[in-house]
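To start, the structure itself, in structure tokens.
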Amino acid sequence: MRDSALKWGLLAPAILISIAMLFYPIGRSFWYSLHDWNLTISPQLGPFIGLDNYVRLLTDDPQFWHSVWVSCVFSFFSVFTTIVVSMLMALLLQGSRQLEINVRSILVLAFAMSPALVGISWRFLLAPEFGAADAVIGWIFPRWADVPILADTSTAMVALVLVDVWHWAPYFMLTFIGALASLPQETIEAGQIDGAGRFRIFFGIVLPQLKGVLAIAILLKTIFSIKMLEQVITMTSGGPGSETSTVPHKVYETAFKFYDFGYAAAMAYFLAAAMLVLAMIYSRMLFGGQK
Amino acid sequence: MASVELDGIGKKFGDVVGVATQSMTIHDGEFMVFLGPSGCGKTTTMRMIAGLLEPSEGRVLVDGEDVTYDAPKDRDIAMVFQNYGLYPHMSVGENIGYPLKVRGLSKADRKAQIQDVAERVELTQLLDRRPSALSGGQRQRVALARAIVRRPKVFLMDEPLSNLDAQLRVSMRAEIKHLQQEMGITTVYVTHDQIEALTLADRIVIMQKGVIQQLGTPEEIYNTPANLFVANFIGSPSMNLINGSLENGIFTAPGGVHVPLKDSSQKNRANVVLGIRPEDMSVCDAVGAMISGVLYNSEMTGDAVFATIDVGEARVCARGDRHLRFQKAQKVGFDLDLDYVHLFDGKSGARL
Chain A
1 MRDSALKWGL LAPAILISIA MLFYPIGRSF WYSLHDWNLT ISPQLGPFIG LDNYVRLLTD
61 DPQFWHSVWV SCVFSFFSVF TTIVVSMLMA LLLQGSRQLE INVRSILVLA FAMSPALVGI
121 SWRFLLAPEF GAADAVIGWI FPRWADVPIL ADTSTAMVAL VLVDVWHWAP YFMLTFIGAL
181 ASLPQETIEA GQIDGAGRFR IFFGIVLPQL KGVLAIAILL KTIFSIKMLE QVITMTSGGP
241 GSETSTVPHK VYETAFKFYD FGYAAAMAYF LAAAMLVLAM IYSRMLFGGQ K
Chain B
1 MASVELDGIG KKFGDVVGVA TQSMTIHDGE FMVFLGPSGC GKTTTMRMIA GLLEPSEGRV
61 LVDGEDVTYD APKDRDIAMV FQNYGLYPHM SVGENIGYPL KVRGLSKADR KAQIQDVAER
121 VELTQLLDRR PSALSGGQRQ RVALARAIVR RPKVFLMDEP LSNLDAQLRV SMRAEIKHLQ
181 QEMGITTVYV THDQIEALTL ADRIVIMQKG VIQQLGTPEE IYNTPANLFV ANFIGSPSMN
241 LINGSLENGI FTAPGGVHVP LKDSSQKNRA NVVLGIRPED MSVCDAVGAM ISGVLYNSEM
301 TGDAVFATID VGEARVCARG DRHLRFQKAQ KVGFDLDLDY VHLFDGKSGA RL
């Protein structure tokens with residue numbers, strides 16, 4: 001009996017904090033999502049409307065579904081490009097110890113920056129009037145010299161994706177450098193001796209052995225991409241039009257621009273459901289003991 | 001089938017000499033063993049033959065053709081690694097067939113050859129398993145099969161048995177020797193185990209600190225060691241070494257050691273090391289023996305008794321009849337078989 005009291009006593013602080021900071025807000029926001037509550041009308045919680053917000057979301061909101069599409073496009077390209085670029089960087093750096101140490105610390109700076117700062121910095125860099133990156137792009141590709149990159153429908157999404165890659169690639173590069181270093185060197189040497197060329201060794205021997213790490217990296221980056229919000233707010237505000245308005249941005253906009261809290265909460269729950277599935281797959285991969 | 005020639009080859013790692021400049025020829029079909037303590041440069045030399053390491057100087061020739069700067073894949077060599085180097089994501093069959101697949105053989109051809117090799121190393125039942133499901137000995141067989149499946153010009157083995165338990169090591173040793181003789185493939189084998197070296201090799205290269213100490217047949221290495229290092233390194237228990245002096249064909253050392261040499265033409269020397277293997281001595285009465293002293297320890301190994309005595313500042317061990325028994329602190333004498341007495345220069349360590 002005393003054992004159990006001690007057990008709960010030790011757990012209590014963590015449980016209390018979790019309840020106060022995590023479960024209460026989550027439960028509360030679910031409660032909001034069942035109400036018609038617009039802050040512009042009343043600071044008091046509006047009338048209870050059951051699942052009406054969810055029905056509206058699923059059946060009668062093309063704008064929301066557009067943001068789902070935008071999120072999918074952004075996630076697909078940012079995940080794919082980040083993984084490929086970070087793998088290439090890892091391959092490039094793992095050969096030389098000296099290079100690895102020096103370049104690594106520089107690249108990790110990008111990752112260490114807060115996402116909002118990354119967004120603001122790039123917004124300045126890409127500004128058509130005075131942006132350094134904008135000038136360089138215009139110089140290399142004269143065709144885009146006069147294009148306002150973050151305000152053009154054809155380039156805003158590309159910019160958003162590339163900045164996200166710029167931000168995240170160093171992190172995954174570190175993961176891959178670690179994974180590459182832990183590969184049994186003998187399998188690679190055996191491949192060389194057995195007659196395989198560089199590409200064959202990479203695709204036939206190295207990559208299959210990295211399958212587990214790769215799967216986790218892709219899943220993690222998918223989660224990060226889906227919930228990415230700061231750069232959208234700071235770089236494009238979802239524009240031009242709603243071309244770059246991802247689901248998190250849509251939630252943010254609905255809640256803090258239109259003050260439609262009940263509806264925003266329902267949206268957030270929709271997003272949370274998707275994330276929950278990914279998170280479950282992730283934890284199963286990490287702790288499920290399967291290869 | 002091919003010969004391998006190392007022509008003035010050497011390897012430096014920064015300022016550290018990994019392998020000092022050296023030359024040797026490995027004949028067609030020969031089983032050559034590189035033997036030495038860890039860090040002696042034997043693996044480095046092998047990796048230069050494989051092409052996994054570029055030499056700092058010199059040339060590697062396979063069948064007279066210069067391959068020094070060729071990639072490993074262009075040398076037609078096969079290698080068995082210490083930790084097997086199997087591809088964990090492929091089945092045993094796919095592992096064995098990988099060199100063939102890389103060479104673009106059709107699936108049917110591959111299958112036939114895999115089957116053929118698998119029979120040779122008794123793996124036919126395991127072809128669909130993953131390497132992780134195999135025992136150490138089975139993994140080693142897969143590595144062997146993968147090496148022989150394409151009948152390479154040269155076979156390289158880097159301590160292939162060091163991860164196996166003692167019993168398995170003995171049987172795999174026989175298997176390797178049998179395979180090599182049957183296929184007649186030129187083989188270079190790296191080990192730090194002298195028994196492996198002596199049993200497997202046609203010729204042995206003994207290395208230390210990147211320098212070749214002796215190159216010869218197992219008999220030559222064992223019976224006429226070129227210097228003190230080889231004398232001390234080969235043999236278990238190792239050769240007795242006694243510091244003394246040589247005068248008028250008689251070797252004397254502190255403690256009353258008195259050995260009249262067979263070869264009386266040796267010059268007089270003040271600093272000489274006499275070497276004698278434990279099995280080249282017989283235990284006798286202390287009075288009148290060439291070497292005598294107080295018993296330090298005696299060990300019964302089943303087939304023999306090893307007696308160790310203190311002589312001056314040296315400790316000398318002799319192999320005696322298994323029925324011999326000694327008393328504590330007993331005076332014991334050894335007589336030497338003068339045909340197997342080795343003399344080394346006390347300073348340079350070179351054989352006299």
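Read top to bottom, the protein sequences are chains A and B. For the first sequence, the positions run 1 to 291 when the UniProt record's numbering is used. For the second sequence, the positions run 1 to 352 when the UniProt record's numbering is used. Note that CB positions come from ideal geometry on N, CA and C, so glycine has one too.
Counting C-beta neighbours from all protein chains within 10 Å, is the total for Met113 of chain A 16 or more, i.e. buried, or is it exposed?
Translated into positions along the first sequence, residue 113 of chain A becomes position 113. Looking at its Cβ environment, which holds fewer than 16 other Cβ atoms inside 10 Å, Met113 of chain A is exposed.
What in chain B is Cβ-close to Gln192 of chain A, meaning under 8 Å?
On the first sequence, position 192 is the one that residue 192 of chain A refers to. Here the neighbours are Gly51, Leu52, Ala71, Pro72 and Lys73.
Please check the pair Gly36 of chain B and Gln208 of chain B, which I expect to be a contact at CB under 8 Å, by giving their CB distance rounded to whole angstroms.
Here residue 36 of chain B is taken as the residue at index 36 of the second sequence, counted from 1. Here residue 208 of chain B is taken as the residue at index 208 of the second sequence, counted from 1. The Cβ separation is near 6 Å, so the contact holds.
Let me make sure I understand the geometry here. Which of A:Pro248, A:Phe287, A:Phe111 and A:His66 has the alpha-carbon closest to that of Gly241 of chain A?
As a first step, residue 241 of chain A must be located in the first sequence, where it is residue number 241. Here the closest residue by C-alpha is A:His66.
Using beta-carbon positions only, say whether Met46 of chain B and Lys11 of chain B come within less than 8 Å of one another.
For the purposes of this step, residue 46 of chain B is identified with residue 46 of the second sequence, where counting begins at 1. For the purposes of this step, residue 11 of chain B is identified with residue 11 of the second sequence, where counting begins at 1. Cβ atoms of Met46 of chain B and Lys11 of chain B: not closer than 8 Å.
Could I get the ranges of all uninterrupted beta strand (DSSP E) runs contained in the segment 135-193 of chain B, with 3 residues as the minimum, in chain order?
You should have 154-158 and 186-191.
Leaving out five residues before and five after Leu34 of chain A in sequence, what residues of the same chain have Cβ atoms less than 8 Å from its Cβ?
Here residue 34 of chain A refers to the residue found at position 34 when the first sequence is read from its first residue. Closer than 8 Å at Cβ, skipping near neighbours: Phe48, Ile49, Gly50, Leu51, Asn53 and Gly262.
Which residues, in order along the segment 184-210 of chain A, keep a beta-carbon less than 9 Å from a beta-carbon of chain B?
Per Cβ criterion, the list reads Pro184, Gln185, Glu186, Thr187, Ile188, Glu189, Ala190, Gly191, Gln192, Ile193, Asp194, Gly195, Ala196, Gly197, Arg200, Gly204, Ile205, Pro208 and Gln209.
Which parts of the segment 39-91 of chain A are runs of the alpha helix (DSSP H), unbroken and 4 residues or longer, counting only runs that do not cross its ends?
The segment 39-91 of chain A contains these whole alpha helix (DSSP H) runs: 52-59.
Applying the criterion that 16 or more other CB atoms from any shown protein chain within 10 Å of the CB defines a buried residue, is His178 of chain B buried or exposed?
Taking the first residue of the second sequence as 1, we reach residue 178 of chain B at position 178. It counts as exposed.
Which residues in chain A sit within 9 Å of Met207 of chain B, going by Cβ to Cβ distance?
Translated into positions along the second sequence, residue 207 of chain B becomes position 207. Within 9 Å Cβ-Cβ: nothing; Met207 of chain B doesn't reach chain A, min ~21 Å.
Classify Ala181 of chain A as buried or exposed, calling it buried when 16 or more other Cβ atoms lie within 10 Å of its own Cβ.
Translated into the one-based positions of the first sequence, residue 181 of chain A becomes position 181. Exposed.
Classify Pro72 of chain B: buried if its beta carbon has 16 or more other beta carbons within 10 angstroms, exposed otherwise.
As a working note, residue 72 of chain B is residue 72 in the second sequence. That one is buried.
Against Arg103 of chain B, what residues of chain A qualify as contacts under a CB-to-CB distance less than 8 Å, listed in chain order?
One-based indexing of the second sequence puts residue 103 of chain B at position 103. Here the neighbours are Gly195.
Put Met285 of chain A into one of helix, strand or coil per three-state DSSP.
By one-based count along the first sequence, residue 285 of chain A stands at place 285. Helix.
According to DSSP, is Pro260 of chain B helix, strand or coil?
For this step, residue 260 of chain B is matched to residue 260 along the second sequence. Reduced to three states, the DSSP call for Pro260 of chain B is strand.
Closer than 8 Å, CB to CB, is Asn243 of chain B near chain A or not?
Reading the second sequence from its first residue, position 243 is the one you call residue 243 of chain B. Asn243 of chain B does not count as touching chain A.
Mind listing which residues of the segment 77-88 of chain B have their C-beta closer than 8 Å to chain A's C-betas, in chain order?
Hits within the stretch, in order: Ile77, Ala78, Met79, Phe81, Gln82, Asn83, Tyr84, Gly85, Leu86, Tyr87 and Pro88.
Taking C-beta pairs closer than 9 Å, name the residues in chain A that Pro99 of chain B reaches, listed in chain order.
Taking the first residue of the second sequence as 1, we reach residue 99 of chain B at position 99. Neighbours of Pro99 of chain B on chain A, chain order: Ile193, Asp194, Gly195 and Ala196.
With the cut-off set at 8 Å, would you say residue 369 of chain B and Ala147 of chain B are in Cβ contact?
Beyond the ends of chain B as shown, which are 1 and 352, falls residue 369 of chain B; an answer cannot be given.
Does DSSP put His249 of chain A in a helix, a strand or coil?
As a first step, residue 249 of chain A is located in the first sequence; it is residue number 249 there, counting from the start. Residue state, collapsed to three classes: helix.
I'd like the list of long-range same chain contacts for Ile120 of chain A, defined as Cβ closer than 7 Å, with 5 residues on each side in sequence excluded.
Locating residue 120 of chain A in the first sequence gives position 120, where the first residue counts as 1. Contacts found: Thr234.
Please state the DSSP three-state secondary structure of Lys291 of chain A.
Translated into positions along the first sequence, residue 291 of chain A becomes position 291. Residue placement at Lys291 of chain A is flagged as unreliable, the pLDDT there being 44, under the threshold of 50; the coordinate-derived value follows with that caveat. It is coil, neither helix nor strand.
What residue does the beta strand (DSSP E) around Tyr296 of chain B start on, and which one ends it?
By 1-based counting over the second sequence, the position of residue 296 of chain B is 296. That run of the beta strand (DSSP E) goes Ile291 to Met300.
For Arg315 of chain B, which beta-bridge partners are listed by DSSP?
Stepping through the second sequence from its first residue, residue 315 of chain B is reached at position 315. Answer by DSSP bridge pairing, in chain order: B:Asp310.
Please classify Asp260 of chain A as buried or exposed, where buried requires at least 16 other C-beta atoms within 10 Å of its C-beta.
The residue you call residue 260 of chain A lines up with position 260 of the first sequence. Classification of Asp260 of chain A: buried, given that the 10 Å Cβ count is 16 or more.
What residue range is occupied by the uninterrupted alpha helix (DSSP H) comprising Gln113 of chain B?
Position 113 of the second sequence, counting from 1, holds the residue named residue 113 of chain B. First-last of the alpha helix (DSSP H) with Gln113 of chain B: Lys107 to Arg120.
Express the C-alpha separation of Glu299 of chain B and Ala307 of chain B in angstroms, rounding to a whole number.
Stepping through the second sequence from its first residue, residue 307 of chain B is reached at position 307. Stepping through the second sequence from its first residue, residue 299 of chain B is reached at position 299. Whole-angstrom Cα-Cα distance: 6 Å.
Nearest-angstrom Cα distance between Val206 of chain A and Asp146 of chain A?
Counted from its first residue, the first sequence places residue 206 of chain A at position 206. Counted from its first residue, the first sequence places residue 146 of chain A at position 146. In a straight line, the C-alpha of Val206 of chain A is about 44 Å away from that of Asp146 of chain A.
Beta-carbon separation of Thr21 of chain B and Gly8 of chain B under 8 Å?
Locating residue 21 of chain B in the second sequence gives position 21, where the first residue counts as 1. Locating residue 8 of chain B in the second sequence gives position 8, where the first residue counts as 1. Against a cut-off of 8 Å, the Cβ pair of Gly8 of chain B and Thr21 of chain B comes out as a contact.
Just to confirm, is the Cβ distance from Val205 of chain B to Met32 of chain B under 8 Å?
Here the question's residue 205 of chain B lines up with position 205 in the second sequence. Here the question's residue 32 of chain B lines up with position 32 in the second sequence. Contact: yes.
Taking Cβ positions, are Leu286 of chain A and Ile216 of chain A nearer each other than 8 Å?
Against the first sequence, residue 286 of chain A aligns to sequence position 286. Against the first sequence, residue 216 of chain A aligns to sequence position 216. In this structure, Ile216 of chain A lies closer than 8 Å to Leu286 of chain A by Cβ.
For the segment 228-238 of chain B against the segment 248-262 of chain B, do three or more pairs of beta-carbon atoms, one drawn from each stretch, fall closer than 8 Å, so that the two count as touching?
The answer is no - the segment 248-262 of chain B does not touch the segment 228-238 of chain B, with fewer than three Cβ pairs under 8 Å.
Hey, out of A:Ala255, A:Leu125 and A:Arg56, whose CA is closest to Trp37 of chain A's CA?
The residue given as residue 37 of chain A occupies position 37 in the first sequence. Ranking the options by Cα distance to Trp37 of chain A, first place goes to A:Ala255.
Helix, strand or coil for Ser236 of chain B per DSSP?
Sequence index remark: in the second sequence, residue 236 of chain B carries index 236 (1-based). If DSSP states are grouped into helix, strand and coil, Ser236 of chain B belongs with coil.
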